[in-house]
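Q: Starting off with a structure, shown below.
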Amino acid sequence: MDNSPTVHIPVLGTEVLDFLAIRPGQTVLDGTLGGGGHTRLFAEHIEPGGRIIAVDRDPAAVKAAETSLAGLPIHVACSTYSELPEVLDAIAVQWADAVLLDLGLSSDQLTDSERGFSYDADGALDMRYDPSQGEPAWRLLGRLSAEHLATIIFEYGEERFSRRIAREIVARRRQDPIRTARDLAQLVRRCVPRSKHHRIDPATRTFQALRIAVNRELDELKTGLDRIPDRLSPGGRIAVISFHSLEDRIVKNAFRSDDRLSIITRKTIRPSDEEVARNRRSRSARMRVAERV
Ligand SMILES: C[S@@+](CC[C@H](N)C(=O)[O-])C[C@H]1O[C@@H](n2cnc3c(N)ncnc32)[C@H](O)[C@@H]1O
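Just so you know, the sequence shown maps onto residues 947 to 1239 in the working numbering.
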């Protein structure tokens, strides 16, 4: 990511502030700092006396935020949100009044052709939020069996043509390994018939699946939801914004089965038509909120 300003527009901004009941004096945790959009909104409402602790696992996002958010009452760290308790311990903070997890990737990451998240980029198909951890996507595509790839694409992408795509990846890599996002998108488009009803790119589900696998996103979410409520003050709230049904199901079940929490949103909170018109990325967002009892 270069040093240009963020292009990410925060989703459900007003709803996040209302449902988390953000007020002056509070300690707020932003577990997915990204372009700092939500954090900037929090900063407008917590003073005097409040503070924000914000983490992102992408070092480039953290570096950009350190510059763009300078002067605000905010502590920024490069960490996963599942490790927020350790971040709090390191700065001797016991409790938070509000926590936000805005899942997935930011528009800054999507539009950076070197990261491999967008279909037509010809940089390496990496897809790691933190490029110093784990394996890039291109290496997984070169190493895993067809069965394993099909399982990932089916389970994390809910893709009906997962076996066909996996077979094609394995056949192709014998001659010429897949290196770029564009290579993969073209291969998937040849395997998946374009739907007459939906305008989404046929590669969308496979890209989602690989990104989830590369970053172990669902394990991270389960661990985060297990650990973070212990650091919420009584009456403190947690909001999670998810962008697909796999994430939302995990959030729903975690909130329901957690004795420490009472659910605030019986149904998910969705963006208004006006917000979707303004920011197309918000169209699949849904938010759930719970409160520490
Ligand atoms: C949708 S963006 C957040 C955007 C932000 N709320 C804003 O308004 O600018 C999601 C961010 O979460 C980060 N991320 C994804 N998984 C993470 C994790 N397990 N821990 C910390 N950050 C994570 C990504 O690197 C990305 O920057």
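Beta carbons: idealized from backbone N, C-alpha and C, even for Gly.
Can you tell me the Cα-Cα spacing of His954 and Thr985, whole angstroms?
A: As a first step, residue 954 must be located in the sequence shown, where it is residue number 8. As a first step, residue 985 must be located in the sequence shown, where it is residue number 39. Those two C-alpha atoms are separated by around 12 Å.
Q: Please confirm whether Leu1130 and Leu1086 have their CB atoms less than 7 Å apart.
A: Here residue 1130 corresponds to residue number 184 of the sequence shown, with the count starting at 1. Here residue 1086 corresponds to residue number 140 of the sequence shown, with the count starting at 1. No, they are not a contact pair.
Q: Using 6 Å as the cut-off, classify the Cβ of Ala1007 as near or not near the heavy atoms of ligand 1, replying yes or no.
A: Position 61 of the sequence shown holds residue 1007. Correct: Ala1007 has its Cβ closer than 6 Å to ligand 1.
Q: Closer than 8 Å is the cut-off here; do at least three beta carbon pairs connect the stretch 960-976 with the stretch 1040-1048?
A: Yes: at least three Cβ pairs fall under 8 Å.
Q: How long is the line joining the alpha carbons of Asn1225 and Asp1054, rounded to whole angstroms?
A: Working through the sequence shown from its first residue, we reach residue 1225 at position 279. Working through the sequence shown from its first residue, we reach residue 1054 at position 108. For Asn1225 and Asp1054, the distance between alpha carbons rounds to 14 Å.
Q: Would you mind reading off the limits of the alpha helix (DSSP H) that contains Leu987?
A: By one-based count along the sequence shown, residue 987 stands at place 41. Its alpha helix (DSSP H) spans residues Gly983 to His991.
Q: Name the one or two DSSP bridge partners that Arg1183 has.
A: As a first step, residue 1183 is located in the sequence shown; it is residue number 237 there, counting from the start. Its beta-bridge partners are Ala1044 and Glu1237.
Q: Pairing CB atoms from the stretch 1012-1022 with CB atoms from the stretch 1147-1165, are three or more of them under 8 Å?
A: The stretch 1012-1022 vs the stretch 1147-1165: no contact.
Q: Short of 6 Å in beta carbon distance, which residues of its chain neighbour Asn1161, apart from the five on each side in sequence? Order them along the chain.
A: Within the sequence shown, numbered from 1, the residue matching residue 1161 stands at position 215. Tyr1075.
Q: Does the stretch 1163-1176 come within contact of the stretch 1024-1042, defined as at least 3 CB pairs closer than 8 Å?
A: Contact between the stretch 1163-1176 and the stretch 1024-1042 is present, because at least three Cβ pairs lie under 8 Å.
Q: Please determine, among Tyr1065, Arg1183 and Gly983, the residue with the shortest C-alpha to C-alpha distance to Ser1052.
A: The residue labelled residue 1052 in the question sits at position 106 within the sequence shown. Comparing Cα-Cα distances from Ser1052 to each of Tyr1065, Arg1183 and Gly983, the minimum goes to Gly983.
Q: Residue range of the alpha helix (DSSP H) that Asp976 falls in?
A: For the purposes of this step, residue 976 is taken as residue 30 along the sequence shown, with counting starting at 1. Segment Thr973 to Asp976 is the beta strand (DSSP E) holding Asp976; no alpha helix (DSSP H) there.
Q: Considering only C-alpha positions, which residue in the set Phe1189, Leu987 and Ile1196 is nearest to Thr1169?
A: For the purposes of this step, residue 1169 is identified with residue 223 of the sequence shown, where counting begins at 1. Ranking the options by Cα distance to Thr1169, first place goes to Ile1196.
Q: I need the straight-line Cα distance from Gly1103 to Thr960, nearest angstrom please.
A: Along the sequence shown, one-based indexing puts residue 1103 at 157. Along the sequence shown, one-based indexing puts residue 960 at 14. Each residue's alpha carbon lies about 30 Å from the other.
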